[in-house]
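Report on the following structure.
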Amino acid sequence: MNGADERSHGTASDLTFFLLALAAGAGAANLYYAQPLIALIGADIGLDESVASLVVTLGQIGYIAGLLLVVPLGDTVENRRLLGLVLVCACIGLVIAASAHAPLVFAGAALVYGLGSVVAQVAVPFASHLARPEERGRKVGNVVAGLMAGIMLARPAASLIAHAFGWRAVFLASAVLMAALAVGLRVALPARHPHGRLGMLALIGSFPKLLRSQPVLRRRIAYQLPMFGAFILFWTAVPLELAGPRFGLDQRGIALFALAGAAGVFGSSLAGRLADRGHARLGTGIALVSAVVGFLLAAAGVAVGSVVLLALGAVVLDLAAAANLVFGQRALFMLDPAIRSRLNALYIALFFFGGAVGSALASPLYVLGGWPAVSAAGIVVMLAALGYFATEGRGGAA
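For the sequence shown, position 11 (counting from the first letter as 1) is numbered 184 according to this note's numbering, and the numbering increases by one without interruption.
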């Protein structure tokens, strides 16, 4: 790291980290606004109900493309400029989505704002760079808390805004926020010029080597991939259960349930503090066990018809997922700064695959076996992660 980079450690204000957390959360939220609005969007733009879920899928495709093509540029491109360009990209896609009246136009917009949603994965390594090593876990944890808040609050916020003002207002409001953040972060952030000089093809070509040469990366993916898969499995299936005959909640009730689950964002800050004190390995084990407990509590809630117990299970699972994400990113950000963005891109992209599997399995599992099948699947994958965690020595990679 060059001298300018070294001097930027510890010089950022609390406002700067708050703006990075807000950008991370707002960027991540863009991927989830459309989920509860599929029926409204499809009916308005003439998209057949049988393929309406593509509006979500295309956003995810754009996001994956951004993870692999944009996030690694953080190792070579001036970071403040890169963050601004990503925010502008998201803003453009959201404006097009808000004004779309044809399926193909909205589809293209979803790809663009999906690409721009990687703002979170540019912001988190930037926060790691700005923080002093002894507080890196706490600062990264705070930014990741913003990211998790965006993920967890996006669906209920979209439902409530659309109920009051229509679905287009959701995308337009987010576009305004993206533009404001682009300006605010341009003013608040210091410039960071990484000294990497690899081209795009070389950056992408280095991914397999990084996987082979970085045992910490492999371990953290093995812990977070099943965790995120179980997390998405739960949150994709639980609206089906809540809307069913046992609970009978309407869209607003489901939105309020999701707000209760958002209490899990506090796990990020707590995890960051634990990691800074040298307890990352213990915290990882607790997070993996807690995910199992969360599914057990939720299963008990469904069995006795208690929405409170089901919500408690959701909170415990969310706390576990948020904490485990922070432990993983903090471990990676303590490695070579020259490869920090690529490590983060690989980490997110590969555990995001677990989320894709979880969402794909949710509906079939629920149709075939109801909530017991969903619970069993979540518990099994988390027990597998715990089994692998048990093979790590005390001086291992957690």
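All C-beta atoms, glycine included, are put in the ideal place defined by N, C-alpha and C. Every value quoted in this text rests on a predicted model; they were computed, and no experiment measured them.
Uninterrupted alpha helix (DSSP H) stretches at least 4 residues long and entirely within the region 222-260 occur at 227-242, given in chain order. Beta-carbon to beta-carbon, V389 and L508 are separated by about 6 Å, close enough to satisfy the 8 Å threshold. The C-beta distance from R503 to A453 rounds to 7 Å, short enough to fall under 8 Å. A563: not part of any alpha helix (DSSP H); DSSP gives it neither H nor E. G287: member of the alpha helix (DSSP H) spanning P276 to G289, first to last residue. Membership of Y396 in the alpha helix (DSSP H) is indicated by the continuous run P388 to A416.
With respect to the C-alpha of Y396, the residue from F525, R365 and S347 having the closest C-alpha is F525. Within the model, the alpha-carbon separation for F190 versus G501 is close to 19 Å. P381 carries a helical assignment under DSSP once its states are collapsed to helix, strand and coil. Taking a cut-off of 8 Å on C-beta distances, the region 279-286 does not touch the region 331-339, as fewer than three cross pairs fall below it.
Excluding the 5 residues flanking it on each side, L413 has same chain C-beta neighbours closer than 7 Å at Y539, in chain order. Taking all protein chains shown into account, L374 has fewer than 16 neighbouring C-beta atoms within 10 Å of its C-beta and is therefore exposed.
Close CB contacts of P298 within its chain, under the 6 Å cut and outside five residues either way in sequence, are with G247, R513, S514 and N517 (chain order). The region 460-469 and the region 400-410 touch, with three or more beta-carbon pairs separated by less than 8 Å. G378 counts as exposed, since fewer than 16 other C-beta atoms from the protein chains shown sit within 10 angstroms of its C-beta.
According to the DSSP assignment, S479 belongs to no alpha helix (DSSP H), since it is labelled neither H nor E. Nearest neighbour of P381 by Cα position, chosen from L519, R341 and A271, turns out to be L519.
The beta carbon of I552 sits closer than 6 Å to the beta carbons of V465 and F468 from its chain, once the five residues preceding and following it are set aside; these are given in chain order. Under the three-state reduction of DSSP, H366 is assigned to coil, being neither helix nor strand. A straight line joining the alpha-carbon of G219 with that of A275 spans about 7 Å. In the three-state reduction of the DSSP assignment, R305 falls in the coil class, being assigned neither a helical nor a strand state. Look at M555 here: in three-state DSSP terms it is helix.
With contacts defined as CB atoms closer than 8 Å, V291 and V250 fail to qualify as a contacting pair. Residue state for H452 is assigned as coil, using DSSP reduced to three classes. Pairing H302 with P510 gives a Cβ-Cβ distance under 8 Å. In this structure the region 334-352 touches the region 260-275; the number of beta carbon pairs closer than 8 Å is three or more. Taking all protein chains shown into account, P329 has 16 or more neighbouring C-beta atoms within 10 Å of its C-beta and is therefore buried. Linking D217 to R425 through their CA atoms gives a straight-line distance of about 21 Å. G531 is the residue among R253, Y236, G531 and L505 whose C-alpha sits nearest the C-alpha of V547. Rounded to whole angstroms, A364 and A448 show a C-alpha spacing of 27 Å. The three-state reading of DSSP puts A207 in coil, since its state is none of H, G, I, E or B. Per DSSP, A435 lies in no alpha helix (DSSP H) segment and is marked neither H nor E. Distances from the CA of I214 to each of W340, A495 and L461 were compared; the closest alpha carbon is that of W340.
Taken atom to atom, the span from the alpha-carbon of P245 to that of V480 is near 42 Å. Taking 8 Å as the upper bound for CB-CB distance, A435 and M325 are in contact here, some 4 Å apart. Close CB contacts of A557 within its chain, under the 7 Å cut and outside five residues either way in sequence, are with P399 (chain order).
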